Amino acid sequence: MKRRSFIKILSFAVSSLLLTATDYALYLYGRKGREAENLPPPLFRLFKDRLSDIRPPGAVYENEFKAKCIGCSVCINICKNLGYKSLSLKVGLSDFGTPVVDDMRNHPCTLCMECVKVCPTGALEKVHKERVKMGIALIDFELCLGWNGDVCLSCSKACPFGASVFEFYNSDWGNQPYINENCKGCGLCVKYCPVGGSAIRVVRIDDYEKVKSKYLSEFKLLLGMEHAKRYELVYSNIPKIMERGKIYDREYQ
Numbered sequence: 001m002k003r004r005s006f007i008k009i010l011s012f013a014v015s016s017l018l019l020t021a022t023d024y025a026l027y028l029y030g031r032k033g034r035e036a037e038n039l040p041p042p043l044f045r046l047f048k049d050r051l052s053d054i055r056p057p058g059a060v061y062e063n064e065f066k067a068k069c070i071g072c073s074v075c076i077n078i079c080k081n082l083g084y085k086s087l088s089l090k091v092g093l094s095d096f097g098t099p100v101v102d103d104m105r106n107h108p109c110t111l112c113m114e115c116v117k118v119c120p121t122g123a124l125e126k127v128h129k130e131r132v133k134m135g136i137a138l139i140d141f142e143l144c145l146g147w148n149g150d151v152c153l154s155c156s157k158a159c160p161f162g163a164s165v166f167e168f169y170n171s172d173w174g175n176q177p178y179i180n181e182n183c184k185g186c187g188l189c190v191k192y193c194p195v196g197g198s199a200i201r202v203v204r205i206d207d208y209e210k211v212k213s214k215y216l217s218e219f220k221l222l223l224g225m226e227h228a229k230r231y232e233l234v235y236s237n238i239p240k241i242m243e244r245g246k247i248y249d250r251e252y253q
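Per my numbering, residue 1 is the first one in the sequence shown, and the count goes up by one each step.
Have a look at this one:
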């Protein structure tokens, strides 16, 4: 065998081995991500009380909503018939049978506003989707790739309101996305976050108000943190992210 042919064969073999190892690593990384889907995020440490349910778009204030909603499921049925499956019946002793958006990881609200049109009691008000306020999405800075040395745009690409909701604070530590209070709380960013279990959670505005000062303080602290401290923090966060893994097919295309 000629020397040139041997080198070609050897190079091909090495490349194949490297590709196989890389593919296997990506497979394990993705598998970890799927296994971490139900893990609670570190962000939840801010909340002492149980989080309130997320209601459909156009829902009136909670007390009025409970008084007006008759549990007819018309809103849920139209959502399912359209193939979105965002709404489901609340189970448990409190408010049984009322509609909630309880699986934003897989079925966020598309803001099609069809549920509002069919509500017979006024529990869901007819509002333009620009005025919807289901809640606000909070980024978990410990888990977000863009806050820990990477660049990830998946959440902002998925957001139907884009630049009016997302702000970026680019630095050596990533593109550092931040979701401002123009957020409608639809949860599309939650679905398309590639970190296992998602690094984003939507909470109701009344829950957000309880932790707003702490959350904003943490945000500002990170932006102003000196390089050495930020280095230590990022490298303490990376194992947490690796533990959850990355689900590549979650990324918004």
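Glycine included, each C-beta is placed from N, C-alpha and C at the ideal position.
Predicted model, so just to flag it, every value in this text is computed and none were measured.
Inset, instruction - Identify every run of the alpha helix (DSSP H) within the segment 50–103, keeping only runs that are complete inside it and at least 4 residues long; order them along the chain. - result: 62–68 and 74–81
Legend entry - Opening and closing residue of the alpha helix (DSSP H) in which F219 lies: Position 219 of the sequence shown holds residue 219. F219 -> alpha helix (DSSP H) spans I205 to G224.
Inset, instruction - Sort L89, V91 and P99 by Cα distance to G58 and report the nearest one. - result: Residue mapping note: residue 58 aligns to position 58 of the sequence shown, counting from 1. Nearest option by C-alpha distance: P99.
Legend entry - Bridge-paired residues (DSSP) for R34: Position 34 of the sequence shown, counting from 1, holds the residue named residue 34. DSSP, once it has assigned bridges, lists no residue as partnering R34.
Legend entry - For C155 and S198, the rounded distance between their alpha carbons: By one-based count along the sequence shown, residue 198 stands at place 198. By one-based count along the sequence shown, residue 155 stands at place 155. For S198 and C155, the distance between alpha carbons rounds to 10 angstroms.
Legend entry - Contact between the segment 201–216 and the segment 121–128 (3+ Cβ pairs under 8 angstroms): With a cut-off of 8 angstroms, the segment 121–128 and the segment 201–216 do not count as touching, because too few Cβ pairs lie within range.
Legend entry - Neighbour-count burial assignment, L223, 16 or more Cβ in a 10 Å radius: By one-based count along the sequence shown, residue 223 stands at place 223. When all chains shown are included, L223 counts as exposed.
Inset, instruction - Could you tell me whether the segment 167–176 touches the segment 142–159, where touching means 3 or more Cβ pairs closer than 8 angstroms? - result: yes
Inset, instruction - Return the residue from the list K240, F166 and V116 that minimises the CA-CA distance to I76. - result: In the sequence shown, residue 76 corresponds to position 76, counting from 1. The residue with the shortest Cα to Cα distance from I76 is V116.
Legend entry - Closest by C-alpha distance to G187, when choosing among K246, L216, R55 and R34: Position 187 of the sequence shown holds residue 187. Closest option to G187, Cα to Cα, is R55.
Inset, instruction - Note down the Cα distance separating T110 from R230, rounded to an integer number of angstroms. - result: Here the question's residue 110 lines up with position 110 in the sequence shown. Here the question's residue 230 lines up with position 230 in the sequence shown. One C-alpha to the other measures close to 37 angstroms.
Inset, instruction - Please say whether P108 and K211 have beta carbons closer to each other than 8 angstroms? - result: Here residue 211 refers to the residue found at position 211 when the sequence shown is read from its first residue. Here residue 108 refers to the residue found at position 108 when the sequence shown is read from its first residue. According to the sequence as given, residue 211 is Val; it is not Lys. No, Cβ-Cβ distance for V211 and P108 is not below 8 angstroms.
Legend entry - Simplified DSSP state of L124, which is helix, strand or coil: In the sequence shown, residue 124 corresponds to position 124, counting from 1. Strand at L124.
Legend entry - Neighbourhood of Y208 by C-beta distance below 6 angstroms, restricted to the same chain and skipping five residues each side: Taking the first residue of the sequence shown as 1, we reach residue 208 at position 208. Excluding residues within five positions, the ones whose Cβ falls inside 6 angstroms are I136.
Legend entry - Range of the contiguous alpha helix (DSSP H) that encloses Y252: Taking the sequence shown and counting its residues from 1, the one referred to as residue 252 is at position 252. First-last for Y252: undefined, no H or E at that position.
Legend entry - Per-residue DSSP class, three states only, for L188: Counting from 1 along the sequence shown, the entry for residue 188 is found at position 188. Of the three classes helix, strand and coil, the one that applies to L188 here is helix, per DSSP.
Legend entry - E142, DSSP secondary structure in three states: Position 142 of the sequence shown, counting from 1, holds the residue named residue 142. In this structure, E142 counts as coil in the three-state DSSP scheme.
Legend entry - Delimiting residues of the alpha helix (DSSP H) encompassing I247: Taking the sequence shown and counting its residues from 1, one reaches residue 247 at position 247. Note, I247: premise wrong, no alpha helix (DSSP H); not H, not E.
Legend entry - Where the alpha helix (DSSP H) containing E130 begins and where it ends: Here residue 130 refers to the residue found at position 130 when the sequence shown is read from its first residue. It is not in any alpha helix (DSSP H) - E130 carries neither H nor E in the DSSP assignment.
Inset, instruction - Can you tell me which of the three DSSP states R105 falls into? - result: Sequence index remark: in the sequence shown, residue 105 carries index 105 (1-based). Three-state DSSP puts R105 in coil, outside helix and strand.
Inset, instruction - Might you give, ordered along the chain, the residues of its own chain that have their beta carbon closer than 6 angstroms to the beta carbon of G254, omitting 5 neighbours on each side? - result: The structure shown does not extend to residue 254, since the chain is modelled only from 1 to 253, so the question has no answer here.
Inset, instruction - Report the three-state DSSP secondary structure of G162 (helix, strand or coil). - result: For this step, residue 162 is matched to residue 162 along the sequence shown. Reduced to three states, the DSSP call for G162 is helix.
Legend entry - Beta bridge counterpart(s) of P42 as assigned by DSSP: Within the sequence shown, residue 42 is the residue found at index 42, counting from 1. Beta-bridge pairing links P42 to no other residue.
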